[in-house]
Amino acid sequence: MNMAIVLLFMVFAVSSALDMSIISHDNAHADRATRRTDDEVMSMFEEWLVKHDKVYNALGEKEKRFQIFKNNLRFIDERNSLNRTYKLGLNVFADLTNAEYRAMYLRTWDDGPRLDLDTPPRNHYVPRVGDTIPKSVDWRKEGAVTPVKNQGATCNSCWAFTAVGAVESLVKIKTGDLISLSEQEVVDCTTSSSRGCGGGDIQHGYIYIRKNGISLEKDYPYRGDEGKCDSNKKNAIVTIDGPRMGSYPT
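Residues -17 to -1, 1 to 233 in mature numbering (1 follows the signal peptide of the UniProt record, and there is no 0) are what the sequence shown lists, from first letter to last.
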């Protein structure tokens, strides 16, 4: 059964990959602020290579990547020693410099002005008398955010992941069911308005879902490339009404 959901944007934000080569938390190593020996760092590097199935074939490439890994690890230790509100750790990007990460993952796309979306009345979000509105809500703690997904390095599909992620959370908030939806369908089936793996506009993703619905990820799995829209796999489990642009009243 299709679920019709009203998608209302309180604050519209364009989400992109984080501009940092080290962004996840590794509990086994994150709290260490002491200086590490080269042998210890090499041991960690070898473990990291196995974990992430990394192999370097070019002459001298492993040593180069080890030095980058070592610098990133030093950055992690230094930041974590400051006892900030977050912890850093080793992830799959730990052998990349920030410049390499930006070149691979933070591409840009611009194809004219953004689409005009419906704007609700100014008082649309005004709470009713007697309503108690919390100052903030962390939907992660409410189980309304699907696990982090990997778009890969070969497909500039962050716009599709952003649109689909917002709809996944909305489904959970409205129905109580957290389900993973198909970014690949959005990439494949919006080529008339966006460029698929060449980049796109989040709004095009929302408009596609509004008009066509969207399938579960397991029914239309992610490939990390741009293909032909597969009508045989399309099975719209979720639809939305909207999107609409808006902001909290001040």
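Beta carbons: idealized from backbone N, C-alpha and C, even for Gly.
Just the C-alpha distance for residue i and residue j, rounded to the nearest angstrom, thanks.
i, j, result
"Lys216", "Tyr88", "28 Å"
"Pro204", "Gly72", "29 Å"
"Glu46", "Asn40", "11 Å"
"Tyr69", "Tyr84", "21 Å"
"Arg62", "Cys212", "45 Å"
"Ala219", "Gly43", "50 Å"
"Arg57", "Glu166", "35 Å"
"Glu125", "Ile156", "9 Å"
"Thr20", "Cys141", "38 Å"
"Arg67", "Asp60", "12 Å"
"residue 303", "Glu29", "Any answer about residue 303 is impossible in this case: the structure gives the chain only from -17 up to 233."
"Arg18", "Val33", "24 Å"
"Val147", "Ala136", "19 Å"
Starting from residue i, trace the alpha helix (DSSP H) both ways and give me its first and last residue.
i, result
"Ser26", "21 to 34"
"Tyr88", "81 to 88"
"Glu209", "Counting along the chain, Glu209 falls outside any alpha helix (DSSP H), and DSSP gives it neither H nor E."
"Glu46", "44 to 63"
Tell me which same chain residues have a C-beta within less than 8 Å of the C-beta of residue i, skipping the five on either side of it?
i, result
"His35", "Val75"
CB-CB under 6 Å to residue i, same chain, minus the five flanking residues each way: which ones, in chain order?
i, result
"Arg193", "Ile223"
"Glu151", "Thr129, Leu164"
Using a Cβ cut-off of 8 Å (strictly closer), state whether residue i contacts chain D.
i, result
"Ile51", "Protein chain content of the structure displayed is limited to a single chain, and chain D is not contained in it."
Would you please state the rounded distance, in angstroms, between the beta carbons of residue i and residue j? I believe it to be under 8 Å.
i, j, result
"Cys138", "Asp208", "6 Å"
"Met25", "Phe49", "7 Å"
"Val128", "Trp122", "6 Å"
"Thr173", "Gly196", "Contact doesn't hold; Cβ gap of about 13 Å is too wide."
"Ala77", "Phe52", "5 Å"
"Arg181", "Asp171", "Sequence inspection shows Gly at residue 181; the Arg mentioned does not correspond to that position. At roughly 13 Å, the Cβ-Cβ gap does not stay under 8 Å, so Gly181 and Asp171 are not in contact."
"Ser119", "Glu168", "Between Glu168 and Ser119 the Cβ distance is about 32 Å, and since that is not below 8 Å, they are no contact."
Within a Cβ cutoff of 7 Å, which residues of the same chain sit near residue i, ignoring the five residues on either side of it in sequence?
i, result
"Phe144", "Lys132, Gln134, Glu166"
"Gly210", "Asp171"
"Glu200", "Ser163, Leu164, Ser165"
Query raised in the report: Can you give, in chain order, each stretch of the alpha helix (DSSP H) that sits fully within the stretch 135 to 193 and has at least 4 residues?
Result: Complete alpha helix (DSSP H) runs here, min 4: 141 to 158, 166 to 172.
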